[in-house]
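Heads up: the structure comes next, in C-alpha coordinates.
Numbering (this note's numbering), first residue to last: 58 to 286.
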(Lines of atoms letter the chains of each structure in order from A and count residues from 1; the text may use other names and numbers.)
(Lines give C-alpha, C1' and ligand atoms only; values in the text may rest on other atoms or scores of the structure.)
Protein backbone atom coordinates (compact mmCIF):
# COMPACT_ATOMS: atom_id res chain seq x y z
CA UNK A 1 0.00 0.00 0.00
CA UNK A 2 1.04 3.63 -0.15
CA UNK A 3 0.81 7.01 1.53
CA UNK A 4 1.09 10.17 -0.55
CA UNK A 5 3.05 13.12 0.87
CA UNK A 6 2.77 16.23 -1.33
CA UNK A 7 4.95 19.34 -1.12
CA UNK A 8 4.71 22.75 -2.75
CA UNK A 9 8.45 23.00 -3.32
CA UNK A 10 11.11 20.41 -4.05
CA UNK A 11 13.40 21.99 -1.45
CA UNK A 12 10.79 21.34 1.23
CA UNK A 13 10.45 17.73 0.09
CA UNK A 14 14.22 17.24 0.09
CA UNK A 15 14.52 18.64 3.60
CA UNK A 16 11.70 16.61 5.12
CA UNK A 17 12.73 13.39 3.39
CA UNK A 18 16.30 13.89 4.60
CA UNK A 19 15.03 14.42 8.16
CA UNK A 20 12.92 11.26 8.00
CA UNK A 21 15.69 9.09 6.55
CA UNK A 22 18.27 10.47 8.99
CA UNK A 23 16.04 9.53 11.91
CA UNK A 24 15.56 5.98 10.61
CA UNK A 25 19.28 5.45 10.00
CA UNK A 26 20.23 6.85 13.40
CA UNK A 27 17.79 4.53 15.18
CA UNK A 28 18.96 1.53 13.15
CA UNK A 29 22.59 2.12 14.12
CA UNK A 30 21.61 2.59 17.75
CA UNK A 31 19.64 -0.67 17.70
CA UNK A 32 21.95 -3.00 15.78
CA UNK A 33 25.21 -1.16 15.27
CA UNK A 34 24.82 -0.59 11.54
CA UNK A 35 22.38 0.63 8.89
CA UNK A 36 21.94 0.32 5.13
CA UNK A 37 20.25 2.47 2.52
CA UNK A 38 19.73 1.99 -1.22
CA UNK A 39 19.11 5.06 -3.35
CA UNK A 40 18.18 5.63 -6.99
CA UNK A 41 19.76 7.64 -9.77
CA UNK A 42 18.57 10.49 -11.96
CA UNK A 43 18.37 14.22 -11.35
CA UNK A 44 15.41 14.11 -8.94
CA UNK A 45 17.31 12.98 -5.81
CA UNK A 46 20.23 15.42 -6.05
CA UNK A 47 18.73 17.92 -3.60
CA UNK A 48 17.82 15.14 -1.20
CA UNK A 49 21.35 13.73 -1.46
CA UNK A 50 22.85 17.10 -0.54
CA UNK A 51 20.47 17.57 2.39
CA UNK A 52 21.13 14.08 3.74
CA UNK A 53 24.91 14.40 3.32
CA UNK A 54 24.89 17.36 5.71
CA UNK A 55 23.23 15.42 8.54
CA UNK A 56 25.29 14.61 11.61
CA UNK A 57 24.86 10.83 11.50
CA UNK A 58 27.04 7.87 12.54
CA UNK A 59 28.14 7.59 8.92
CA UNK A 60 30.97 5.15 9.69
CA UNK A 61 28.28 2.58 10.50
CA UNK A 62 26.08 3.30 7.48
CA UNK A 63 26.39 1.55 4.12
CA UNK A 64 25.00 3.22 1.01
CA UNK A 65 24.23 1.36 -2.19
CA UNK A 66 22.05 1.72 -5.28
CA UNK A 67 18.71 0.10 -6.08
CA UNK A 68 20.17 -0.54 -9.52
CA UNK A 69 23.10 0.47 -11.70
CA UNK A 70 23.95 0.67 -15.37
CA UNK A 71 26.92 -1.57 -16.27
CA UNK A 72 29.15 1.38 -17.24
CA UNK A 73 32.43 2.79 -15.97
CA UNK A 74 32.21 5.19 -13.05
CA UNK A 75 33.61 7.95 -15.31
CA UNK A 76 30.50 7.73 -17.51
CA UNK A 77 27.76 10.34 -17.24
CA UNK A 78 25.35 7.39 -17.13
CA UNK A 79 26.89 6.04 -13.91
CA UNK A 80 24.64 6.24 -10.86
CA UNK A 81 27.70 5.39 -8.77
CA UNK A 82 29.32 8.60 -9.98
CA UNK A 83 26.12 10.52 -9.17
CA UNK A 84 26.13 9.22 -5.59
CA UNK A 85 29.83 9.94 -5.08
CA UNK A 86 29.46 13.50 -6.38
CA UNK A 87 26.24 14.37 -4.51
CA UNK A 88 25.73 12.09 -1.49
CA UNK A 89 29.16 10.87 -0.41
CA UNK A 90 30.08 14.44 0.44
CA UNK A 91 30.15 16.64 3.55
CA UNK A 92 29.47 14.51 6.67
CA UNK A 93 28.52 11.49 4.56
CA UNK A 94 32.04 11.21 3.14
CA UNK A 95 32.68 8.71 5.96
CA UNK A 96 29.91 6.32 4.88
CA UNK A 97 30.66 2.96 3.32
CA UNK A 98 29.59 2.39 -0.29
CA UNK A 99 28.59 -1.00 -1.68
CA UNK A 100 29.41 -1.09 -5.40
CA UNK A 101 26.94 -2.91 -7.62
CA UNK A 102 29.17 -2.50 -10.67
CA UNK A 103 32.24 -4.60 -9.98
CA UNK A 104 34.52 -5.87 -12.72
CA UNK A 105 34.25 -5.70 -16.47
CA UNK A 106 31.66 -8.36 -17.25
CA UNK A 107 28.27 -8.93 -15.69
CA UNK A 108 28.48 -12.71 -15.69
CA UNK A 109 27.01 -15.43 -13.46
CA UNK A 110 30.16 -15.59 -11.34
CA UNK A 111 30.06 -11.84 -10.70
CA UNK A 112 26.38 -12.02 -9.79
CA UNK A 113 26.98 -14.92 -7.42
CA UNK A 114 29.73 -13.02 -5.61
CA UNK A 115 27.64 -9.86 -5.37
CA UNK A 116 24.63 -11.79 -4.08
CA UNK A 117 26.71 -13.31 -1.30
CA UNK A 118 28.13 -9.92 -0.36
CA UNK A 119 24.73 -8.22 -0.44
CA UNK A 120 23.17 -10.82 1.82
CA UNK A 121 26.08 -10.47 4.24
CA UNK A 122 26.58 -6.71 4.34
CA UNK A 123 23.29 -5.06 3.34
CA UNK A 124 20.08 -7.00 3.48
CA UNK A 125 17.45 -6.41 4.54
CA UNK A 126 17.78 -2.72 3.72
CA UNK A 127 16.81 -0.26 6.43
CA UNK A 128 15.87 2.37 3.86
CA UNK A 129 14.99 2.11 0.17
CA UNK A 130 14.55 5.23 -1.96
CA UNK A 131 12.92 4.36 -5.27
CA UNK A 132 12.48 6.45 -8.38
CA UNK A 133 10.02 5.91 -11.20
CA UNK A 134 10.29 6.13 -14.98
CA UNK A 135 7.67 7.35 -17.42
CA UNK A 136 6.94 3.71 -18.27
CA UNK A 137 6.37 2.82 -14.63
CA UNK A 138 9.69 1.02 -14.13
CA UNK A 139 11.46 1.30 -10.82
CA UNK A 140 15.02 0.24 -9.97
CA UNK A 141 15.74 -1.67 -13.20
CA UNK A 142 12.52 -3.63 -13.16
CA UNK A 143 11.69 -2.74 -16.77
CA UNK A 144 8.39 -3.86 -18.33
CA UNK A 145 10.12 -4.03 -21.72
CA UNK A 146 12.85 -6.45 -20.63
CA UNK A 147 12.96 -10.18 -21.23
CA UNK A 148 13.87 -10.53 -17.55
CA UNK A 149 10.65 -8.97 -16.21
CA UNK A 150 9.32 -12.34 -15.01
CA UNK A 151 12.61 -13.08 -13.24
CA UNK A 152 12.50 -9.64 -11.60
CA UNK A 153 9.41 -10.73 -9.69
CA UNK A 154 10.05 -14.44 -9.21
CA UNK A 155 13.73 -14.81 -8.36
CA UNK A 156 14.71 -15.04 -4.72
CA UNK A 157 18.27 -13.91 -5.50
CA UNK A 158 18.96 -10.36 -4.33
CA UNK A 159 20.48 -9.17 -7.61
CA UNK A 160 19.95 -9.94 -11.28
CA UNK A 161 21.00 -8.74 -14.72
CA UNK A 162 18.42 -6.79 -16.74
CA UNK A 163 18.70 -5.71 -20.38
CA UNK A 164 15.94 -3.17 -21.13
CA UNK A 165 14.83 -2.79 -24.73
CA UNK A 166 13.79 0.86 -24.42
CA UNK A 167 16.81 2.17 -22.50
CA UNK A 168 20.57 1.93 -23.05
CA UNK A 169 23.05 -0.27 -21.18
CA UNK A 170 22.76 -3.57 -19.39
CA UNK A 171 21.77 -3.14 -15.76
CA UNK A 172 22.28 -4.84 -12.43
CA UNK A 173 19.27 -4.48 -10.18
CA UNK A 174 17.97 -5.62 -6.86
CA UNK A 175 15.07 -8.01 -7.39
CA UNK A 176 11.56 -7.38 -6.17
CA UNK A 177 12.05 -9.97 -3.42
CA UNK A 178 15.07 -8.11 -2.04
CA UNK A 179 13.49 -4.67 -2.37
CA UNK A 180 10.20 -5.79 -0.84
CA UNK A 181 11.95 -6.78 2.38
CA UNK A 182 13.26 -3.26 2.95
CA UNK A 183 12.14 -1.96 6.33
CA UNK A 184 11.25 1.53 5.06
CA UNK A 185 10.28 2.18 1.43
CA UNK A 186 10.04 5.60 -0.17
CA UNK A 187 9.14 6.66 -3.71
CA UNK A 188 10.69 10.05 -4.55
CA UNK A 189 9.19 11.75 -7.62
CA UNK A 190 8.58 15.26 -8.94
CA UNK A 191 6.75 17.07 -11.76
CA UNK A 192 3.22 16.91 -13.11
CA UNK A 193 4.26 14.21 -15.59
CA UNK A 194 5.35 11.85 -12.82
CA UNK A 195 2.12 12.57 -10.92
CA UNK A 196 0.23 11.44 -14.02
CA UNK A 197 2.34 8.26 -14.21
CA UNK A 198 1.62 7.66 -10.52
CA UNK A 199 -2.11 7.99 -11.13
CA UNK A 200 -1.88 5.54 -14.03
CA UNK A 201 -0.04 3.10 -11.82
CA UNK A 202 -2.76 3.34 -9.19
CA UNK A 203 -5.58 2.89 -11.71
CA UNK A 204 -4.79 -0.72 -12.68
CA UNK A 205 -3.06 -3.77 -11.21
CA UNK A 206 -0.75 -5.38 -13.82
CA UNK A 207 2.65 -5.18 -12.13
CA UNK A 208 4.57 -6.40 -15.17
CA UNK A 209 3.10 -3.60 -17.26
CA UNK A 210 4.08 -1.01 -14.62
CA UNK A 211 6.41 -2.54 -12.00
CA UNK A 212 6.01 0.39 -9.59
CA UNK A 213 2.50 -0.95 -8.96
CA UNK A 214 4.00 -3.79 -6.95
CA UNK A 215 5.27 -1.29 -4.37
CA UNK A 216 2.12 0.84 -4.39
CA UNK A 217 -0.44 -1.96 -4.17
CA UNK A 218 1.17 -4.86 -2.31
CA UNK A 219 -0.56 -5.04 1.12
CA UNK A 220 2.73 -6.13 2.73
CA UNK A 221 4.62 -3.02 1.59
CA UNK A 222 4.07 0.44 3.06
CA UNK A 223 5.44 2.83 0.45
CA UNK A 224 5.71 6.50 1.39
CA UNK A 225 5.38 8.56 -1.78
CA UNK A 226 7.11 11.94 -1.65
CA UNK A 227 6.03 14.20 -4.53
CA UNK A 228 6.59 17.85 -5.37
CA UNK A 229 5.88 19.86 -8.49
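Each residue gets a CB set at the ideal place from its N, CA and C atoms; glycine is no exception. Keep in mind the model is a prediction, meaning the values are calculated, not measured.
Where do the N-terminal and C-terminal ends of the beta strand (DSSP E) with residue i fall, by residue?
{"i": "residue 264", "result": "Unbroken run through residue 264: none, as it is neither H nor E."}
{"i": "residue 125", "result": "125-127"}
{"i": "residue 234", "result": "It is not in any beta strand (DSSP E) - residue 234 instead sits in the alpha helix (DSSP H) that spans 233-237."}
{"i": "residue 109", "result": "No beta strand (DSSP E) holds residue 109; the alpha helix (DSSP H) holding it covers 103-110."}
{"i": "residue 146", "result": "Here residue 146 belongs to no beta strand (DSSP E), and DSSP marks it neither H nor E."}
{"i": "residue 151", "result": "Where residue 151 is concerned, there is no enclosing beta strand (DSSP E), given that its DSSP letter is neither H nor E."}
{"i": "residue 188", "result": "185-188"}
Which same chain residues end up closer than 7 Å to residue i when comparing Cβ atoms and leaving out the 5 residues on each side of it in sequence?
{"i": "residue 104", "result": "67, 68, 71"}
{"i": "residue 177", "result": "215"}
{"i": "residue 140", "result": "98"}
{"i": "residue 259", "result": "273"}
{"i": "residue 112", "result": "75, 79, 149"}
{"i": "residue 366", "result": "As shown, the chain starts at 58 and ends at 286. That puts residue 366 outside it, with no answer to give."}
{"i": "residue 92", "result": "82, 85, 86, 118, 119, 184"}
{"i": "residue 129", "result": "135, 136, 226"}
{"i": "residue 196", "result": "188, 189, 190, 268, 269, 272"}
Which residues does DSSP pair with residue i in a beta bridge?
{"i": "residue 134", "result": "DSSP, once it has assigned bridges, lists no residue as partnering residue 134."}
{"i": "residue 280", "result": "59, 242"}
{"i": "residue 285", "result": "64, 247"}
{"i": "residue 218", "result": "229"}
{"i": "residue 93", "result": "120"}
{"i": "residue 199", "result": "196"}
For residue i and residue j, I'd like the C-alpha separation in whole angstroms.
{"i": "residue 58", "j": "residue 180", "result": "24 Å"}
{"i": "residue 62", "j": "residue 102", "result": "16 Å"}
{"i": "residue 214", "j": "residue 174", "result": "9 Å"}
{"i": "residue 168", "j": "residue 158", "result": "10 Å"}
{"i": "residue 134", "j": "residue 81", "result": "31 Å"}
{"i": "residue 239", "j": "residue 233", "result": "10 Å"}
{"i": "residue 100", "j": "residue 136", "result": "12 Å"}
{"i": "residue 251", "j": "residue 190", "result": "8 Å"}
{"i": "residue 115", "j": "residue 149", "result": "9 Å"}
{"i": "residue 64", "j": "residue 161", "result": "41 Å"}
{"i": "residue 244", "j": "residue 275", "result": "14 Å"}
{"i": "residue 225", "j": "residue 106", "result": "25 Å"}
{"i": "residue 170", "j": "residue 110", "result": "31 Å"}
{"i": "residue 201", "j": "residue 231", "result": "15 Å"}
{"i": "residue 89", "j": "residue 241", "result": "16 Å"}
{"i": "residue 108", "j": "residue 154", "result": "18 Å"}
{"i": "residue 223", "j": "residue 166", "result": "24 Å"}
{"i": "residue 277", "j": "residue 163", "result": "35 Å"}
{"i": "residue 96", "j": "residue 156", "result": "11 Å"}
{"i": "residue 138", "j": "residue 204", "result": "25 Å"}
Which residues in the same chain have their Cβ closer than 6 Å to the Cβ of residue i, if we skip the five residues on either side of it in sequence?
{"i": "residue 228", "result": "125, 127, 198, 219"}
{"i": "residue 172", "result": "216"}
{"i": "residue 267", "result": "194, 258"}
{"i": "residue 270", "result": "258, 264"}
Can you name, in chain order, every residue of its own chain whose Cβ lies under 8 Å from the Cβ of residue i, other than the five neighbours on each side?
{"i": "residue 60", "result": "279, 280, 281, 282"}
{"i": "residue 248", "result": "286"}
{"i": "residue 94", "result": "78, 82, 119, 120, 121, 122, 183, 184, 185, 186, 187"}
Taking the alpha helix (DSSP H) that residue i falls in, what are its first and last residues?
{"i": "residue 178", "result": "166-179"}
{"i": "residue 273", "result": "269-274"}
{"i": "residue 156", "result": "No alpha helix (DSSP H) contains residue 156, which DSSP labels as neither H nor E."}
{"i": "residue 223", "result": "Counting along the chain, residue 223 falls outside any alpha helix (DSSP H), and DSSP gives it neither H nor E."}
{"i": "residue 208", "result": "206-211"}
Inspect the CB distances between the stretch 199-212 and the stretch 142-158 and report whether three or more fall short of 8 Å. no
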